[in-house]
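Going by UniProt numbering, the first residue of the sequence shown is number 1, and it counts up by one from there.
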Amino acid sequence: MRSISDELKIYELSKLWKEAEYNFAFWDKLDINWDAEYKAALPRVLAAKDVYEYYKELKRFAALLCDGHTDVSYPADVIQDTGCFSMFPVYLFRFGHDIAVISVSEEYKDEIPLYSVVKKIDGTEAAEYIRKNCYPYIWHVNEDACGMMAMNELMIGRKGSSAVFTFERDGKEFSATLTRQDPTGISWCSAEAPSVSDTQRQLIVNGDSYKCEITDDGIAIIKLTSFDDNTMPEKIYEHIEELDKAKAYIIDVRGNTGGNSSNADSVAAMFIDGDFKSCGAETQIYEPTYKAWGVFRDDLKTLTSAELEERYSDEESIKIYKMSRHIFYKREIDKVENKAPKRLYGPVAVLMNEYTFSAGEDFVDVMKAHSDAVFIGNNTAGSSGQPLSVKLESGGWFRICTRRCYAQNGEEIYNKGFAPDIKVEISLNDHIKGHDKALEKALMLLNEKTSM
């Protein structure tokens, strides 16, 4: 594992500090002394023995900003180095509060049954162990939404490092000492993917990030896993006459990681009359002169935002206070020209969950604001905005969220997400049995509505 110079460590940490200081979109949401945290990070960064440890410290520093679009990514050579990117011989996934084994190596398949639940790690309750050892390096304010990131942080580490896992299966506890190893040398045993519905479906169109089907009783299911593909709206539009034959619609954005919000708007447009407003956003405005004037305004230096609002109404005082703290924002909202070939009519259900991120949440926002859809599942991730991506000389990247989205209906979504109308969570037992309760609820609800 390579090392890097102290000069480069200081420069890159300083670059991360600087870009966040001037561009981060959520300073008004945090109670943090960013300068003090920078000073505290310096000795940790300088003490890092190699580039892997160094990036762990950069990740720790970025995670203080508590935002899902603000993070640090390792260099490619670090990710490819099994000396530091090795893995326990179990693949873990979180279902609610349960952390379960969904794949296990051939070596351990008889010792650790599939769907065993992790109870303790090195004698510490699993949830507490993750809070202490994984959360410091990742966004974790919305614990539901950070499940996959937390599992990756737990599973991956230096080759040869070990931990004692206590599992439970069928009411019986057992322990195993697991050692991280080269993942390319692991032969995995996994359960067959459970069938989640007996409903027969006719395929309409299928792409890498989208799939449209119609059930035998006339309900269209539109599955959207990402909004990255700019050709997706037109590909779906090409089949709008077939979709128009459906009596109702399920739009599934569970696990949608985001992408281009314009694509999200284009899909939503099929269910909206006329042009419409898209997701609203705020971005920071900074005019250095106001910070200079603030040096002489002792009356503003110790005020809270509430005290400022109570005592001052003049524009100059407000700008001095807010621009000095990087919390003066411009609000904007775009109007979307509806280019959908036609409007699809019928009841609509939108499925969403804690892994609906970014442009996926923008889609939820538009549908909540401009349609009569019912929303089923779990809260979305609560992370949407425009990140500034910065390439580092040492090979990795960092992102700083510069633009924050807000809900058109006034919902507070930062680190919380949009709430469903009908909350349905998928448990480990549901997964084992192949029960997609959210989809089943949507099918039942729409069949009831269309039979009236």
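Glycine is no exception: its CB is placed at the ideal position from the N, C-alpha and C atoms.
None of the values given here were measured: they were computed from a predicted structure.
Counting along the chain, where does the alpha helix (DSSP H) carrying Phe-363 start and finish? Note, Phe-363: alpha helix (DSSP H), 359-370.
Once the 5 residues before and after Lys-342 are set aside, which same chain residues still bring their CB inside 7 Å of it? If the five residues before and after Lys-342 are omitted, its C-beta is found closer than 7 Å to the C-beta atoms of Ile-240 and Asp-244, all from its own chain and listed in chain order.
Three or more C-beta pairs closer than 8 Å, one from the stretch 147-167 and one from the stretch 75-88: is that the case here? Yes, the stretch 147-167 is in contact with the stretch 75-88.
Hey, out of Tyr-74, Asp-170, Asn-447 and Ile-130, whose CA is closest to Leu-114's CA? Considering only alpha carbons, the answer is Asp-170.
Quick check: what's the CA-CA separation for Thr-283 versus Ile-400? The alpha-carbon atoms of Thr-283 and Ile-400 are separated by roughly 12 Å.
What runs of the alpha helix (DSSP H), each 4 residues or longer, lie entirely inside the stretch 243-327? Secondary structure within the stretch 243-327: the alpha helix (DSSP H) runs of 4 or more consecutive residues, fully enclosed, are 261-268, 288-294, 298-301, 305-311 and 315-324 (chain order).
Whole-angstrom C-beta distance between Ala-269 and Val-205, which should lie under 8 Å: Under the criterion of beta carbons closer than 8 Å, Val-205 and Ala-269 do not qualify as touching, at roughly 17 Å.
Determine the direct distance from the alpha carbon of Pro-43 to that of Leu-16, and round the result to whole angstroms. C-alpha of Leu-16 to C-alpha of Pro-43: approximately 16 Å in a straight line.
Can you give the Cα-Cα distance for Lys-433 and Ile-426, rounded to whole angstroms? Looking at the two C-alpha atoms, the distance is approximately 11 Å.
How is Met-1 classed by DSSP in three states: helix, strand or coil? Looking at Met-1 - three-state DSSP - the assignment turns out to be coil, as it is neither helix nor strand.
From Ala-176, Met-155 and Lys-172, residue whose alpha carbon lies closest to that of Phe-165: If you compare the alpha carbons of Ala-176, Met-155 and Lys-172 with that of Phe-165, the shortest gap goes to Ala-176.
Taking Trp-188 as part of the beta strand (DSSP E), name the residues at either end of that continuous run. Segment 188-190, the beta strand (DSSP E) holding Trp-188.
Would you give the residue range spanned by the beta strand (DSSP E) that residue 463 belongs to? The requested residue 463 does not occur in the structure, where the chain is confined to residues 1 to 452.
Assuming the contact rule is C-beta atoms closer than 8 Å, Ser-5 and Asp-50 should be a hit. Round their C-beta distance to whole Å, please. At roughly 12 Å, the Cβ-Cβ gap does not stay under 8 Å, so Ser-5 and Asp-50 are not in contact.
Residues bridged to Tyr-406 by DSSP? According to the DSSP secondary-structure assignment, Tyr-406 is paired through a beta bridge with Gly-280.
Straight-line CA distance for Leu-46 to Ile-10? A direct Cα-Cα distance of roughly 8 Å separates Leu-46 from Ile-10.
What residue does the beta strand (DSSP E) around Asn-206 start on, and which one ends it? DSSP places Asn-206 in the uninterrupted beta strand (DSSP E) bounded by 201-206.
Measure the CB-CB distance between Ala-191 and Ile-219 and report whether it falls below 8 Å. Contact: no.
Excluding sequence positions up to five away, which residues of its chain have a Cβ less than 8 Å from the Cβ of His-326? So the qualifying residues of the chain are Glu-21, Tyr-22, Phe-24, Trp-27, Gln-284 and Tyr-286.
Can you tell me whether Asn-378 is buried or exposed? The criterion is at least 16 other CB atoms within 10 Å of its CB, across all chains shown. Label assigned to Asn-378: buried.
Rounded to whole angstroms, how far is the Cβ of Cys-66 from the Cβ of Leu-92, which I believe are closer than 8 Å? So it is not a contact: roughly 24 Å between Cβ atoms.
Output the distance between the C-alpha atoms of Lys-277 and Ser-73, rounded to the nearest integer angstrom. As the crow flies, the alpha-carbon of Lys-277 is around 34 Å from that of Ser-73.
Could you tell me the alpha carbon to alpha carbon distance between Pro-136 and Ala-63, rounded to whole angstroms? Distance between the alpha carbons of Pro-136 and Ala-63 is about 7 Å.
If you pair each beta-carbon of the stretch 112-126 with each one of the stretch 210-225, do three or more pairs fall below 8 Å? Too few Cβ pairs lie closer than 8 Å, so no.
Let me know the secondary structure DSSP gives Glu-234 once reduced to three states. For Glu-234, the secondary structure class from DSSP, reduced to helix, strand or coil, is helix.
Burial state of His-97, where buried means 16 or more other Cβ atoms lie within 10 Å: Answer is exposed; the Cβ neighbour count stays below 16.
Taking C-beta to C-beta, are Ser-451 and Ala-359 nearer than 8 Å? No, the pair does not count as a contact, with Cβ atoms beyond the cut-off.
Using the C-alpha atoms, what's the distance from Glu-37 back to Leu-303? As the crow flies, the alpha-carbon of Leu-303 is around 22 Å from that of Glu-37.
Check the C-beta distance from Asn-353 over to Gly-255 and give it rounded, since I have them as a contact under 8 Å. So it is a contact: roughly 7 Å between Cβ atoms.
Which residues bound the alpha helix (DSSP H) around Tyr-11? Note, Tyr-11: alpha helix (DSSP H), 6-23.
Where do the ends of the beta strand (DSSP E) carrying Met-352 lie? Boundaries of the beta strand (DSSP E) harbouring Met-352: 348-352, taken from the DSSP string.
Go ahead and pull the three-state DSSP assignment for Tyr-91. Look at Tyr-91 here: in three-state DSSP terms it is strand.
Close Cβ partners of Ala-248 (< 6 Å) along its chain, the five nearest in sequence each way excluded: Closer than 6 Å at Cβ, skipping near neighbours: Ile-219, Gly-346, Pro-347, Leu-446 and Thr-450.
Return the CA-CA distance between Ile-130 and Lys-330, expressed in angstroms with no decimal places. Taking C-alpha positions only, Ile-130 is separated from Lys-330 by approximately 38 Å.
Would Leu-13 and Ala-40 be called neighbours here (beta carbons separated by less than 8 Å)? No, these two residues do not count as a Cβ contact at 8 Å.
Looking at Gly-68: is its Cβ nearer than 8 Å to the Cβ of Ala-127? Between Gly-68 and Ala-127, the C-beta gap is not smaller than 8 Å, which leaves the two residues out of contact.
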